[in-house]
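Protein chains in written order, with my numbering: chain A, 324 to 632; chain B, 324 to 632.
Even glycine gets a Cβ: it sits at the ideal position worked out from N, Cα and C.
Everything below concerns the one structure shown next.
Protein chains: 2
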Amino acid sequence: MELIRTLSQLVNCLRSSCIRRRVAVVCPNDPHTEYVIIRSLREEIAEYLLVVDADHKEMAYSLRSASPDFVRIYEAPTPDDAAALAVELVRTGEADILMKGLINTDNLLRAVLKKDTGLLPPGGVLSHVAVAQIPLYHKLLLFSDAAVIPRPTLEQYRAMITCDVALCRVLGNEQPRVALIHCTEKVNEKFPHTLSYVQLKDDALRGRFGQVLVDGPMDAKTACDKHSGEIKGLTSPVVGNADVLIFPNIESGNTFYKTLSLFGDANMAGMLTGTIAPVVVPSRSDSGNSKFYSLALACMAGKLTQESL
Amino acid sequence: MELIRTLSQLVNCLRSSCIRRRVAVVCPNDPHTEYVIIRSLREEIAEYLLVVDADHKEMAYSLRSASPDFVRIYEAPTPDDAAALAVELVRTGEADILMKGLINTDNLLRAVLKKDTGLLPPGGVLSHVAVAQIPLYHKLLLFSDAAVIPRPTLEQYRAMITCDVALCRVLGNEQPRVALIHCTEKVNEKFPHTLSYVQLKDDALRGRFGQVLVDGPMDAKTACDKHSGEIKGLTSPVVGNADVLIFPNIESGNTFYKTLSLFGDANMAGMLTGTIAPVVVPSRSDSGNSKFYSLALACMAGKLTQESL
């Protein structure tokens, strides 16, 4: 398939595939969630299983009235019950994607992470991937982790790279370039993540991540700007041309996300990975566009599950 | 004085003050350093004490030929000797600012940090401040630390805030708004820097930093975007209107710097703080503009020393 270079290309690709993903939504009861549902129904990329709690049914029923063929409603006593039921719909294969509505993120994640009945397979690593469409970059840029893992261990880095590379392939990129981010190019035991990076590069050479180019440590600018690399005399094929950035901690990943979206005028999409199906947990301060693109990204990832990796 | 809102206003302010700062340059022997020297001489904001090593004198002598009244030359056998001599020129009051030319940063810092003969006073904290002029922000934004302190301690946070607030005042801002950056608004012992933040806010209320507003934890977007704050129901005067961002680690500070300069189309300036005089250590991948603005920032800071804080 052709490489997808923008988020609207991603939506077009979904439309032309004529597949509607089945999305289970927990507590669809706020204007942001309504916007995403209405827009994705109009774009014909999704159908919905709306799981409502007893006190907040109105929006769901009005959405079903407007699109009776593509909206089903499930009722549960409380938001926590709604979360459990939506997770169950994904587990039993009735839904392809889980999406958060108006429920506390911690409560939703409790259902997602619940042993035996949740969405994380044994030994699975829950992480977050963001996809940025940046006016000053020549392609989509994926990165992890802006939201979930505070200080990745080696195993968590491996899981993040595996998921992000798999997502690159879904977006038509057969040989993703992965940059391991630090402040400088130096490996230094004072910064233990740079020691993990050495191991990850070795993993890559041994084929652990498939066809992929992994390099680092390097800073975020060097990863995305050829000129910076030239000044430093770096010749790696990752330098200046990264598809994926792996950050050493949640504060740097989160700062990248927030800076791009505010000052880089970027369109963002994001989802949780490591689960048996994509989980969409939009951040409150994301734009409407960003929330819609997050759902579209999850639809694209579709059946990209931990098992298939 | 009037609030300085752009880096070119900063240069104009220096020009109109008619004060030339005396800048000691270690090993001026590369085109970037030459550019900064020539431009600042033309703008009449600096005069130079060029400290050359035995093998690289040509550029210095050619600069002196062009501006004999404002360029003096000092010779030293090696680059390390040149660094020691330039530091001595600052210590003895013959120079106001130290600037790096073509010498390894570690070697220059060794001279700066040397006990008894260096530029860091007893108990001083070496840190870095950057000043960003961002097209999508309504004023200059200062932040620390993108370059020096890996994981600030409480004392180091205090020193960073003290220096950055003092620099804000030099730029005409009498009541700087300081945002303490994290991924969320939650104080959480799993993230020890958020516990330091509680103490720093208390420090601020007790007047430790003078007239200042300190708030956090909050993410970088919330600090600089009123809309994000409103969505989260935050009402602090710092939210959406920060003058200073304090980052929890060097990876997040560095990521902010690199992302702004590459994807935010920002003009950047930066210098070391905590020393008895500003030290300018441009990064190789900085633009020529950024290197010049860094020198201009140091000229503005001028005699802003640890002692005066």
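Check whether chain B comes within 8 angstroms of residue i, counting only Cβ atoms and requiring the distance to be less than that.
i	result
G441(A)	no
H451(A)	no
R607(A)	yes
Y341(A)	Residue identity differs from the one stated: residue 341(A) is Cys in this sequence, not Tyr. Not closer than 8 angstroms to any Cβ of chain B, the Cβ of C341(A) fails to qualify, so no.
D468(A)	no
C506(A)	yes
P571(A)	yes
T582(A)	yes
K513(A)	yes
D376(A)	no
D542(A)	yes
D457(A)	According to the sequence provided, residue 457(A) is Ile. The question's Asp does not apply to it. It does; some Cβ of chain B falls within 8 angstroms.
Starting from residue i, trace the beta strand (DSSP E) in both directions and tell me its first and last residue.
i	result
Q534(B)	Unbroken run through Q534(B): none, as it is neither H nor E.
I420(A)	420-423
R343(A)	Here R343(A) belongs to no beta strand (DSSP E), and DSSP marks it neither H nor E.
For residue i, does the three-state DSSP call read helix, strand or coil?
i	result
P540(B)	strand
L465(B)	strand
Y371(B)	strand
V604(A)	coil
A389(B)	helix
T628(B)	Low per-residue confidence applies at T628(B): pLDDT is 44, beneath 50, and the placement is therefore not dependable, though the value from the model is reported in the following sentence. T628(B) falls in the coil class under three-state DSSP.
E381(B)	helix
R338(A)	helix
D525(B)	helix
E508(A)	coil
R362(A)	helix
D404(A)	helix
E398(A)	strand
L330(B)	helix
Establish whether the CB of residue i and some CB of chain A are separated by less than 8 angstroms.
i	result
I472(B)	no
G587(B)	yes
N577(B)	yes
D548(B)	yes
Y460(B)	yes
Q629(B)	Its pLDDT being 38, under 50, Q629(B) is placed unreliably by the model, and the measurement read from it follows with that caveat. It does not; no Cβ of chain A falls within 8 angstroms.
K509(B)	no
E478(B)	no
T545(B)	yes
S617(B)	no
S551(B)	yes
I554(B)	yes
E574(B)	yes
K524(B)	no
K423(B)	no
Starting from the Cα of residue i, find the closest Cα among the options and give me that residue.
i	options	result
N577(B)	L432(B), L465(B), C336(B), D439(B)	L465(B)
T485(A)	M591(A), G447(A), H505(A), M324(A)	G447(A)
H502(A)	S390(A), T545(A), P515(A), R607(A)	Strictly speaking, residue 502(A) in this sequence is Ala, with His absent from that position. That would be T545(A), whose Cα lies nearest to the Cα of A502(A).
L477(A)	D525(A), D378(A), K462(A), A470(A)	D525(A)
N430(A)	V535(A), A418(A), V452(A), D403(A)	D403(A)
Q534(B)	A482(B), V346(B), M591(B), E497(B)	E497(B)
V562(B)	M541(B), Y616(B), H451(B)	M541(B)
Y371(A)	D378(A), L412(A), A399(A)	L412(A)
A434(A)	Q456(A), A453(A), A409(A), G424(A)	A409(A)
D566(A)	D548(A), T415(A), I360(A), T428(A)	D548(A)
G593(B)	Q456(B), E367(B), Y480(B)	Q456(B)
G314(A)	C622(A), H379(A), G611(A), P601(A)	Coverage of chain A is limited to positions 324 through 632, which leaves residue 314(A) absent and any answer about it impossible.
S559(B)	R500(B), I327(B), V521(B), F586(B)	R500(B)
Q522(B)	Y480(B), H379(B), R343(B), T596(B)	Y480(B)
P351(A)	H461(A), D378(A), L432(A), A589(A)	D378(A)
E574(B)	C506(A), V346(A), S388(A), K614(A)	C506(A)
S608(B)	C622(B), S339(B), A624(B), M591(B)	M591(B)
L337(B)	L364(B), S385(B), E381(B)	L364(B)
G424(B)	Y358(B), A482(B), D439(B)	Y358(B)
A489(A)	G597(A), L618(A), K437(A), I360(A)	G597(A)
V348(B)	S339(B), I360(B), C341(B)	I360(B)
V510(A)	G552(A), P571(A), P458(A), A405(A)	P571(A)
I569(A)	G552(A), K614(A), S519(A), S617(A)	S519(A)
Tell me whether residue i counts as near the ligand COA, meaning its Cβ is closer than 7 angstroms to at least one heavy atom of that ligand.
i	result
S551(B)	Ligands displayed in this structure: none; no statement on the ligand COA is therefore possible.
As an exercise, report each continuous alpha helix (DSSP H) stretch of at least 4 residues that is fully enclosed by the region 415-503 of chain B, in chain order.
You should have 428-436, 477-493.
Contained beta strand (DSSP E) runs [length at least 3] in the region 541-626 of chain A, N- to C-terminal order
If only uninterrupted beta strand (DSSP E) runs of at least 3 residues are considered, those enclosed by the region 541-626 of chain A are 567-569, 590-596.
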